[in-house]
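Residue numbers (this note's numbering): 180 to 757.
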């Protein structure tokens with residue numbers, strides 16, 4: 180699209196946009212942030228509620244480039260992406276993003292050893308290492324100066340502080356800050372579940388007369404029957420059950436036993452909700468039951484030996500072929516592969532989450548009522564940031580409601596339209612947003628996902644994303660999905676899991692991941708992780724399961740599990756709010 184047309188289409192946004200008057204000084208390098216703006220160039224930001232900017236006569240913004248490391252694989256949007264380009268023109272800010280390539284531990288270790296940090300860091304699973312290295316600027320005294328950021332985080336200050344040993348705020352969570360309507364009855368959080376589950380191809384369930392096998396035995400019985408009846412899918416050998424086991428994503432291998440007894444996604448422990456008692460589960464009988472079942476499936480050919488040697492890219496590539504019947508995983512972890520299937524119209528090869536349990540009672544897994552941010556799940560500003568205030572101004576700008584709409588809905592009249600106050604899309608527009616390549620080149624979604632964001636509802640009642648807009652959720656479905664869900668009486672895949680009450684404390688993995696490296700509990704946790712990653716694949720593939728399991732379980736005799744369990748119980752109770 181020509182530049183003039185783009186500017187014309189953005190005019191409506193500009194008219195209501197809460198303008199940020201960026202400081203006109205140049206960014207300065209080194210360890211110390213540049214001096215604050217002088218009183219004559221004080222930045223002005225709105226509350227995000229449609230207030231007029233304090234200073235409508237903004238001066239030209241001084242260009243600045245912030246470097247950012249994101250500890251996950253990904254690809255930066257092109258420089259001419261219409262939304263990113265607009266944000267750059269309004270703020271003067273360019274974000275030079277480096278996504279993780281290769282081994283995370285090695286990359287992060289080198290970065291920390293040299294103290295060579297970028298301006299911004301999305302630490303991902305390396306949050307604990309960065310925190311313990313002192314890589315982030317403390318934000319406690321700064322956040323109140325930025326209205327949108329303060330409104331966003333003020334209700335959760337205790338949670339933000341809970342992840343650091345000195346009780347200061349270093350990481351700004353970028354997920355689960357939900358905004359609800361005044362009646363408190365909003366249900367946006369119920370749609371689009373993407374957490375842990377036994378994710379199962381729709382065609383497998385449809386073939387079995389739209390069944391819901393909720394017990395472990397019943398579930399794998401269905402997979403075995405379908406596998407025998409469908410030796411190939413699209414001309415390729417069918418893969419029954421994938422078990423990804425590489426690097427930190429080995430939660431696909433490890434975490435199922437906690438859910439099979441009704442637990443949520445704590446990580447490497449089970450928390451009994453009635454007492455808040457904690458136990459490691461890796462050597463328990465219920466874990467043995469699960470891995471014995473996987474051993475049986477391996478011997479019957481439903482689990483291919485190559486599953487344990489596939490790296491993450493191989494795993495995604497395999498799923499994208501459409502021949503993987505099922506896997507235990509979290510949807511955000513394999514979503515890019517599923518998007519390939521959607522773009523090819525292979526809706527029957529996409530997945531729904533099943534809450535399988537040992538006793539056959541459908542479990543909630545991680546589908547529970549809104550709990551807000553968990554702490555540590557976001558991004559921070561590094562101690563090497565060339566201009567901390569300017570970086571915070573940018574993040575505050577991104578939280579303007581109009582900018583959020585621009586990033587997640589696009590340009591009105593081009594990417595969506597408004598009907599009776601409701602945001603809607605034509606089928607062509609929906610198809611665009613279902614195309615990963617188009618999204619990367621034209622949408623602000625991938626860019627905005629790196630930063631603090633609004634979820635839930637905007638102040639006008641529209642959802643913060645089309646996936647949670649009820650009308651769009653329905654109209655955006657393929658005919659296949661409408662018919663498939665209709666067989667169950669569901670309107671969304673999330674309804675395959677029952678909705679549970681929030682447990683009252685952040686998931687335990689967030690406590691583990693930000694624990695000081697010199698905390699003895701951290702070493703115990705690392706020991707448990709190592710045992711699982713090293714031995715469980717062999718246990719699953721063993722000719723003599725009982726002997727292999729006995730050897731594996733015996734290794735836990737030397738693990739100081741009592742210390743770990745007591746420490747986690749203490750941390751849970753310190754954070755517990757019901």
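Note that CB positions come from ideal geometry on N, CA and C, so glycine has one too.
Every unbroken alpha helix (DSSP H) within the segment 668 to 718, with a cutoff of 4 residues, ordered by chain: Counting only runs of 4 or more, we get 687 to 692.
Straight-line gap, residue 282 to residue 431 (C-alpha atoms, nearest Å): Each residue's Cα considered, the two are about 18 Å apart.
Alpha helix (DSSP H) segment containing residue 299, residue limits: Counting along the chain, no alpha helix (DSSP H) covers residue 299; the unbroken beta strand (DSSP E) around it starts and ends at 299 to 301.
Between the segment 288 to 297 and the segment 591 to 600, are three or more C-beta pairs nearer than 8 Å? Cβ pair count under 8 Å is below three, so no.
Answer yes if the segment 696 to 711 comes into contact with the segment 633 to 646, meaning at least three C-beta pairs across the two stretches below 8 Å, and no otherwise. In this structure the segment 633 to 646 does not lie against the segment 696 to 711, because fewer than three pairs of beta carbons, one per stretch, are closer than 8 Å.
If you count every other CB in all the chains shown that lies within 10 Å of the CB of residue 535, and 16 or more means buried, which is it? It counts as buried.
I need the DSSP call for residue 745, collapsed to helix, strand or coil. DSSP places residue 745 in helix when its eight states are reduced to three.
In chain order, each alpha helix (DSSP H) run of at least 4 residues that lies wholly inside the segment 550 to 624: Counting only runs of at least 4 residues, the segment 550 to 624 fully encloses the following alpha helix (DSSP H) elements, listed from N- to C-terminal order: 567 to 577, 580 to 587, 606 to 612, 615 to 621.
Could you give the residue range of the beta strand (DSSP E) that holds residue 275? Judged by DSSP secondary structure, residue 275 falls within the beta strand (DSSP E) whose first and last residues are 272 to 278.
How is residue 633 classed by DSSP in three states: helix, strand or coil? It is coil, neither helix nor strand.
Identity of the residue in 484, 500, 548, 481 nearest residue 526 by Cα: Ranked by how close their Cα comes to the Cα of residue 526, the residues 484, 500, 548, 481 have 500 in first place.
How far does the alpha helix (DSSP H) with residue 476 in it extend, from its first residue to its last? Element bounds for residue 476: 464 to 478.
For residue 683, the nearest candidate out of 614, 454, 343 (CA to CA): Closest by C-alpha distance to residue 683, out of 614, 454, 343, is 454.
Where does residue 456 fall in DSSP's three states? Three-state DSSP puts residue 456 in a strand.
Using only CA atoms, which one of 722, 723, 717, 681 lies nearest to residue 487? Residue nearest to residue 487 within the set 722, 723, 717, 681 is 717 (criterion: CA-CA distance).
In angstroms, rounded to a whole number, what distance separates the CA positions of residue 514 and residue 326? Spanning the two alpha carbons is a distance of roughly 34 Å.
In terms of residues, what are the limits of the beta strand (DSSP E) holding residue 290? Looking at the DSSP string, residue 290 is not in any beta strand (DSSP E); the run it does join, the alpha helix (DSSP H), is 283 to 293.
Three-state secondary structure (DSSP) at residue 254? Assignment of residue 254 by DSSP, reduced to helix, strand and coil, places it in the coil class.
My guess is that residue 688 and residue 374 are in contact by the Cβ rule of under 8 Å, so how many angstroms apart are they, rounded? Going by Cβ atoms, the distance from residue 688 to residue 374 rounds to 12 Å, so no, they are not a contact pair.
Assigned secondary structure, residue 244 (DSSP; H/G/I helix, E/B strand, else coil): Here residue 244 sits in strand by DSSP.
Is there contact between the segment 544 to 555 and the segment 240 to 255, where contact requires at least three CB pairs shorter than 8 Å? Touching, no.
For residue 600, which residues in the same chain have their Cβ closer than 7 Å to its Cβ, ignoring the five residues on either side in sequence? Excluding positions up to five away in sequence, the list reads 639.
Would you call the CB atoms of residue 663 and residue 324 closer than 8 Å? No, these two residues do not count as a Cβ contact at 8 Å.
Taking C-alpha atoms, which residue in 575, 602, 570, 567 lies nearest to residue 584? Taking only the C-alpha atoms, the option nearest residue 584 is 602.
Can you tell me whether residue 437 is buried or exposed, with buried defined as 16 or more other CB within 10 angstroms of its CB? Under a 10 Å Cβ-count criterion, residue 437 is classified as buried, with 16 or more other Cβ atoms of the shown protein chains found around its own Cβ.
N- and C-terminal bounds of the beta strand (DSSP E) containing residue 397: Note, residue 397: premise wrong, no beta strand (DSSP E); alpha helix (DSSP H) at 395 to 408.
Is residue 504 helix, strand or coil when you go by DSSP? If DSSP states are grouped into helix, strand and coil, residue 504 belongs with the strands.
For residue 358, which beta-bridge partners are listed by DSSP? Its beta-bridge partners are 635.
Could you give the DSSP three-state label for residue 391: helix, strand or coil? Note: residue 391 maps to coil in three-state DSSP.
Check each candidate in 260, 378, 319, 330 and name the one with the smallest Cα separation from residue 675. Of the residues 260, 378, 319, 330, the one whose Cα lies closest to the Cα of residue 675 is 378.
Rounded to whole angstroms, what's the CA-CA distance from residue 268 to residue 659? Just pull it up for me. Approximately 42 Å between the Cα atoms of the pair.
Here's a check: name, in chain order, each residue in its chain whose Cβ is nearer than 8 Å to the Cβ of residue 389, leaving out the five neighbours to either side. So the qualifying residues of the chain are 663, 666, 667.
When the distance is taken between beta carbons, is residue 618 closer than 8 Å to residue 628? For the 8 Å CB-CB criterion, residue 628 and residue 618 do not form a contact.
Closer than 6 Å by C-beta to residue 518: which residues in its own chain qualify, once you throw out the five before and the five after it? Chain order, please. Taking residue 518 as the centre and dropping the five residues before and after it, the same chain places the C-beta of 615 closer than 6 Å to its C-beta, in chain order.
Is the segment 693 to 706 in contact with the segment 390 to 405, if contact means three or more CB pairs nearer than 8 Å? Result no; under three Cβ-Cβ pairs closer than 8 Å.
Could you tell me which of 570, 746, 505 sits nearest to residue 392, measuring between CA atoms? Ranking 570, 746, 505 by CA distance to the CA of residue 392 puts 505 first.
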